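Here's the structure, in structure tokens; my notes come after.
Residue numbers (our numbering): 32 to 147.
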């Protein structure tokens, strides 16, 4: 499996450049827009993207991410949506995409199922 993030940081370091990474909560502003927003961030030149999996109780996050999670969940976003969004994004881009989330939803989803 390629290590896109390490490769990206290595290449940037060799050129004396810094990385620009952006965060987006999956399902925000609504579940149907996430893939398009990810692709726009990618086209805009982000070196890596972090996709937050929406969670009902993101206490370790600041207010903007908490509110984005609330809005995503209210709009019907699910962990299945996040997984499918990653698959679709990966089919067209090699930009490193990291998933950020909490253990509780992953345990409910099933770790083996998530890793498939």
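Beta carbons: idealized from backbone N, C-alpha and C, even for Gly.
Predicted model only: the values in this text are computed from it and were never measured.
Any contact between the segment 123-130 and the segment 71-79? By contact I mean 3 or more CB pairs, one from each, below 8 angstroms.
When C-beta atoms of the segment 123-130 are compared with those of the segment 71-79, three or more pairs fall below 8 angstroms, so the two segments count as touching.
Applying the 10 Å Cβ sphere with the 16-neighbour rule, what's the burial state of residue 112?
buried
Taking the alpha helix (DSSP H) that residue 67 falls in, what are its first and last residues?
First-last of the alpha helix (DSSP H) with residue 67: 65-74.
I'd like to know whether the C-beta atoms of residue 65 and residue 116 end up nearer to each other than 8 angstroms.
yes
Nearest by alpha-carbon distance to residue 85: which of 74, 134, 121, 37 is it?
134
Flag this pair as touching only if the segment 42-57 and the segment 94-106 have three or more C-beta atom pairs under 8 angstroms; answer yes or no.
yes
Buried or exposed for residue 110, going by 16 or more other Cβ atoms inside 10 Å?
buried
Using the DSSP secondary-structure output, state which residues sit across from residue 52 in a beta bridge.
Partner(s): 79.
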